[in-house]
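Asker: My questions all concern the structure below.
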Amino acid sequence: MRTTFWAGVVGACLACGLSGLGCGGDDDGATPSGSTGSTGSTEGGGSGAESCSGLDTSALVSELSPAEVEQACKGYRRCSAEEVTVEYVCLMQGVLGAAYGDDPGTNDAELQAKCSELVEGCMADPSQAEQLIEQALVEVEAEPCGQPRQCTATIAEIDACAAEMRAYTRGVLPACSALTMAFYEQTDRGDTLLDGACGKLGVGCFQLFTTPNDG
Numbered sequence: 191m192r193t194t195f196w197a198g199v200v201g202a203c204l205a206c207g208l209s210g211l212g213c214g215g216d217d218d219g220a221t222p223s224g225s226t227g228s229t230g231s232t233e234g235g236g237s238g239a240e241s242c243s244g245l246d247t248s249a250l251v252s253e254l255s256p257a258e259v260e261q262a263c264k265g266y267r268r269c270s271a272e273e274v275t276v277e278y279v280c281l282m283q284g285v286l287g288a289a290y291g292d293d294p295g296t297n298d299a300e301l302q303a304k305c306s307e308l309v310e311g312c313m314a315d316p317s318q319a320e321q322l323i324e325q326a327l328v329e330v331e332a333e334p335c336g337q338p339r340q341c342t343a344t345i346a347e348i349d350a351c352a353a354e355m356r357a358y359t360r361g362v363l364p365a366c367s368a369l370t371m372a373f374y375e376q377t378d379r380g381d382t383l384l385d386g387a388c389g390k391l392g393v394g395c396f397q398l399f400t401t402p403n404d405g
């Protein structure tokens, strides 16, 4: 039951950034937010970079064939999968388990100690984290690819939004040493993403690189 729960959490993590999944743990390769259009995106599209979609970044989404839509969808998911790490899953278990697991912390110090304990235990035996990642990826891959509707964006613009979603997801979890009670009371659930490249896309564009269960 517990394994099923954590697999669902990992799956939700993957889905939230299915630009791909975007749950990478470290800052290495992070794409700065604010990059838009066909230039400035350093990962998954833009000048000098290959798009996760495998398509020409200047291509219009509205002109893609069904086969190209399928290719793009699976490409974004593949990029996400490559970013999922045992370290991130262990941190996620630590942060969530510190407040919602057995014997949860009741103040900042207890939360930090509990989080560190859980992360250390997870990293000492990473087999469970690896199993959770594998299970979550299978579930995400089984989701059908969505069909973009009335999307006038280019692949480069999709890439820029996808990169911002990945960067946001990477920064959601604090280190155990920075964990506080206030973290669990935050109301921001990604709305700020609409202030950047994602806000330039029409609603119908998101089906190309998110799963049907998103949102």
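So the sequence shown is numbered by our numbering: it starts at 191 and just counts up by one.
The beta-carbon is built from N, C-alpha and C at its ideal position, and this holds for glycine as well.
Say whether the region 300 to 309 touches the region 273 to 289, bearing in mind that this needs 3 or more beta-carbon pairs closer than 8 Å, one atom from each stretch.
Answerer: In short, these stretches touch, since the Cβ pair count reaches three.
Asker: Please state whether DSSP places L250 in a helix, a strand or coil.
Answerer: Three-state result, L250: strand.
Asker: For F373, collect the residues of the same chain with a Cβ closer than 7 Å to its Cβ; drop the 5 residues on either side in sequence, then sort them by chain order.
Answerer: Answer for F373: P364, listed in chain order.
Asker: Could you spell out where the alpha helix (DSSP H) holding T359 opens and where it closes?
Answerer: Looking at the DSSP string, the run of the alpha helix (DSSP H) that includes T359 is 345 to 360.
Asker: For M247 and S241, I'd like the C-alpha separation in whole angstroms.
Answerer: A quick correction: the sequence has Thr, not Met, at residue 247. Cα-Cα distance, rounded: 7 Å.
Asker: On the CB-based measure, 16 or more other CB atoms within 10 Å of its CB, does Q376 come out buried or exposed?
Answerer: Counting Cβ neighbours within 10 Å, Q376 comes out exposed, since fewer than 16 surround it.
Asker: Which residues mark the beginning and the end of the alpha helix (DSSP H) in which P256 is found?
Answerer: Looking at the DSSP string, the run of the alpha helix (DSSP H) that includes P256 is 256 to 273.
Asker: May I have the straight-line CA-CA distance separating D217 from R360, to the nearest angstrom?
Answerer: Note that D217 has pLDDT 34, beneath the 50 cutoff, so the model's placement of it is unreliable and no number is given.
Asker: How is the alpha helix (DSSP H) around A319 delimited, first residue to last?
Answerer: Its alpha helix (DSSP H) spans residues 317 to 332.
Asker: Count the other CB atoms, across all protein chains shown, that sit within 10 Å of the CB of Y290; report buried if there are 16 or more and exposed otherwise.
Answerer: With fewer than 16 other Cβ atoms within 10 Å, it is exposed.
Asker: Any idea if P256 is buried or exposed, counting beta-carbon neighbours within 10 angstroms, 16 or more meaning buried?
Answerer: Classification for P256: exposed.
Asker: Is DSSP giving F399 helix, strand or coil here?
Answerer: Note: F399 maps to coil in three-state DSSP.
Asker: Out of curiosity, what's the CA-to-CA distance linking G295 and Q261?
Answerer: G295 and Q261: Cα-Cα distance of roughly 45 Å.
Asker: How about L133 and C335: are their beta carbons less than 8 Å apart?
Answerer: With the chain covering 191 to 405 only, the question about residue 133 has no answer from this structure.
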